[in-house]
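Residue numbers (my numbering): 937 to 1013.
Written out as structure tokens, the structure reads:
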């Protein structure tokens, strides 16, 4: 029973020291990233072209980098 409070306090300390939980991207960053993603990967009607996750992947990378990702199309092999 004495180990439970120690584990709880260790988990609580890790959560509080995490910078990712404290510094979340703001709405302006999300708007910038979404706009850049749609500029690079424009909308296509479903059924006209095969869908892929490139736009979503670009948006997620942009958000993890807090909008510092440049709005350039990635190089394809």
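From the three backbone atoms N, C-alpha and C, an ideal C-beta is built for every residue, glycine too.
One Cα belongs to residue 973, the other to residue 981, and the distance between them is close to 16 Å. The Cβ atoms of residue 990 and residue 977 sit closer than 8 Å to each other. Within the DSSP bridge table, the entry for residue 985 names 982 as partners. Cβ atoms of residue 999 and residue 963 stay farther apart than 8 Å, at about 11 Å. Pairing residue 994 with residue 968, the inter-Cα distance amounts to about 12 Å.
When only Cα atoms are considered, residue 970 and residue 946 end up about 37 Å apart.
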